[in-house]
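This report concerns only the one structure given below.
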Amino acid sequence: MALFVTPQRDPAVRLNVTTITEMHVPFDEAVSVSRIRSGDVHRGHLIAFGNRDADSVRIPLRDAPQTTLVLNSGQVVLPPARAYQSMMRDLRPGQAWWSDYDLDLLTFDIPGAAIDRRIRETGGKATIDLAHSADAYAQDEVFEGFARAVLPFVTDPANAPRLFIDHVLHSVCAHVVRKFGVECAPRNDAGGLAPWQERRAKEMILANLDAQVSLMALADECRLSVSHFTNAFRQATGETPHQWLMSQRIERAMGYLLSGKSSLASVASQCGFSDQSDFTNAFTKRVGASPGAWRRQRRDTVTVSLPAAVGL
Numbered sequence: 039m040a041l042f043v044t045p046q047r048d049p050a051v052r053l054n055v056t057t058i059t060e061m062h063v064p065f066d067e068a069v070s071v072s073r074i075r076s077g078d079v080h081r082g083h084l085i086a087f088g089n090r091d092a093d094s095v096r097i098p099l100r101d102a103p104q105t106t107l108v109l110n111s112g113q114v115v116l117p118p119a120r121a122y123q124s125m126m127r128d129l130r131p132g133q134a135w136w137s138d139y140d141l142d143l144l145t146f147d148i149p150g151a152a153i154d155r156r157i158r159e160t161g162g163k164a165t166i167d168l169a170h171s172a173d174a175y176a177q178d179e180v181f182e183g184f185a186r187a188v189l190p191f192v193t194d195p196a197n198a199p200r201l202f203i204d205h206v207l208h209s210v211c212a213h214v215v216r217k218f219g220v221e222c223a224p225r226n227d228a229g230g231l232a233p234w235q236e237r238r239a240k241e242m243i244l245a246n247l248d249a250q251v252s253l254m255a256l257a258d259e260c261r262l263s264v265s266h267f268t269n270a271f272r273q274a275t276g277e278t279p280h281q282w283l284m285s286q287r288i289e290r291a292m293g294y295l296l297s298g299k300s301s302l303a304s305v306a307s308q309c310g311f312s313d314q315s316d317f318t319n320a321f322t323k324r325v326g327a328s329p330g331a332w333r334r335q336r337r338d339t340v341t342v343s344l345p346a347a348v349g350l
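Structure (structure tokens):
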């Protein structure tokens, strides 16, 4: 049965949506991030959403004017928003957006089962109702940081670094629980990884330098929850799993560069980067010089010391 019966609503209208979802997580627990865009072609339509057991952090990627949502209980007018402000919305009620401007929106959708899982991992025992924000956007530097971190990958999901995306999506869920949920008694998960856990986690990461191993797979292999594994790995290594992965990629790349036998494109491929540009950007950010400049600098500093001539 259609929720809205109105001559303006066109069920054939489809927005331009690209989505990345947590890997190796049950569908009803998987947190996802989407970029949603409309355009002039969709103006003047009611576009329905909701009717899901989930909550959504909604972040406009550019300044947005005042607009209107339609709910069963009536209309809600949303005030203007600045780019990268955020709003927390409950997706359980059916609702629709009156498409009166060109939409460009990033959303983090968190199923109720993901909230429950996070609460259990942090010592809670019961399902909670989140304290949703009012019908207005507000500045949240944490959500803005998450949005800026994943935006380059949401439009190209095939090349998204899975371990990094999983880490961000897990962190989004944790921030939602902290900000809009209840205080949970901390679990006694003191200590880092056991030697066998650290060894196995590193083996799995090194075997997947293209970052296609998921946080859930690493945690399952170590027989830990994702939250416990992430915290324990950081305590054991001083880095998150994704940061450690990047360190290993760069270290391996340096070895190939010093050998002098591989092109930059070949080094990028062998070290798990999506392409030469991705490799160059990551290397430069970490090392402070491009791969080519770093290799030339190392060659220039190599000196060969010859023994002094001995007089006869």
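Sequential numbering of the sequence shown, starting at 39, is according to the working numbering.
The beta carbon of each residue, even a glycine, is placed where N, CA and C say it ideally should be.
Hey, how far is the Cα of residue i from the Cα of residue j?
i      : j      : result
ASN226 : LEU256 : Unreliable positioning characterises ASN226 in this predicted model, as indicated by a pLDDT of 49, which lies under 50. The coordinate reading is nonetheless provided below. Taking the straight line from one Cα to the other gives about 21 angstroms.
THR105 : GLU277 : 43 angstroms
PRO98  : ILE157 : 28 angstroms
ALA196 : VAL251 : 14 angstroms
ARG96  : SER297 : 48 angstroms
SER124 : PRO199 : 24 angstroms
VAL348 : ARG337 : Below a pLDDT of 50, predicted positions are generally treated as unreliable, and VAL348, at 39, falls in that range; the measurement from the model is reported next regardless. When rounded, the distance between both Cα atoms is 29 angstroms.
GLU289 : ASP194 : 26 angstroms
ASP140 : HIS83  : 12 angstroms
ARG324 : PRO131 : 46 angstroms
ARG155 : ASP66  : 11 angstroms
ASP91  : SER312 : 35 angstroms
GLN133 : LEU144 : 18 angstroms
PRO45  : PHE271 : The predicted position of PRO45 is uncertain, since its pLDDT is 31 and thus under 50; no value can be drawn from it.
GLU159 : PRO190 : 30 angstroms
ARG333 : TRP282 : 23 angstroms
ALA291 : GLY330 : 11 angstroms
ASP258 : VAL264 : 8 angstroms
GLY112 : VAL210 : 30 angstroms
THR275 : GLY183 : 24 angstroms
ALA239 : TRP136 : 48 angstroms
ALA320 : MET242 : 21 angstroms
SER328 : PHE317 : 9 angstroms
SER315 : VAL188 : 17 angstroms
GLN286 : LYS217 : 34 angstroms
GLN335 : HIS266 : 42 angstroms
PHE202 : MET284 : 10 angstroms
THR322 : VAL305 : 14 angstroms
ALA232 : LEU262 : 11 angstroms
VAL192 : LEU53  : 15 angstroms
Less than 6 angstroms between C-beta atoms, sequence neighbours within five positions excluded: which residues of the same chain meet that for residue i?
i      : result
SER300 : TYR294
THR57  : SER70, SER72
ARG100 : ALA121, ASP142
VAL180 : HIS213
LEU207 : GLU60, VAL69
GLY230 : ALA270, GLN273, ALA274
ASP108 : With the sequence shown as reference, residue 108 is identified as Val, and Asp is not the correct amino acid for it. Result list for VAL108: ALA134, in chain order.
GLY88  : LEU129, PRO131, GLY132, GLN133
Which word fits residue i, buried or exposed, when buried means at least 16 other C-beta atoms lie within 10 angstroms of its C-beta?
i      : result
GLY326 : exposed
LEU129 : buried
SER76  : buried
GLN303 : According to the sequence provided, residue 303 is Ala. The question's Gln does not apply to it. Exposed: under 16 other Cβ atoms inside 10 Å.
SER94  : buried
VAL55  : exposed
ARG186 : exposed
PRO149 : buried
ASP173 : exposed
ALA152 : buried
ARG127 : buried
VAL114 : exposed
ALA245 : exposed
ARG237 : exposed
Terminal residues of the continuous beta strand (DSSP E) containing residue i?
i      : result
THR367 : This structure cannot settle anything about residue 367, because the visible part of the chain is limited to 39 through 350.
PRO98  : 92-98
GLN113 : 112-116
PHE65  : Premise fails: PHE65 is in no beta strand (DSSP E) and is neither H nor E.
PHE311 : First-last for PHE311: undefined, no H or E at that position.
GLY88  : 84-88
ARG127 : 125-128
LEU109 : 105-109
Assuming residue i is part of the alpha helix (DSSP H), what are its boundary residues?
i      : result
THR268 : 264-275
PRO34  : No information on residue 34 is available, as it lies outside the stretch 39 to 350 that the chain covers here.
GLN308 : 302-308
VAL325 : 314-325
GLN235 : 233-244
ALA257 : 253-259
Excluding sequence positions up to five away, which residues of its chain have a Cβ less than 8 angstroms from the Cβ of residue i?
i      : result
HIS205 : LEU253, THR268, THR278, PRO279, HIS280
Please list, in chain order, all residues of the same chain as residue i whose beta carbon is under 7 angstroms from its beta carbon, the five residues on each side excluded.
i      : result
GLN235 : CYS260
PRO103 : PRO118, TYR139
ASP248 : GLY310
VAL63  : MET254
ARG81  : SER137, ASP138
Does the ligand GDP have a heavy atom nearer than 8 angstroms to the CB of residue i?
i      : result
MET126 : The ligand content of the structure shown is nil, which means the ligand GDP is not present either.
Residue ranges of each beta strand (DSSP E) within the region 133-204, 3 or longer: When DSSP assignments are scanned along the region 133-204, the uninterrupted stretches of beta strand (DSSP E) that are 3 or more residues long and fall wholly within it turn out to be 142-149.
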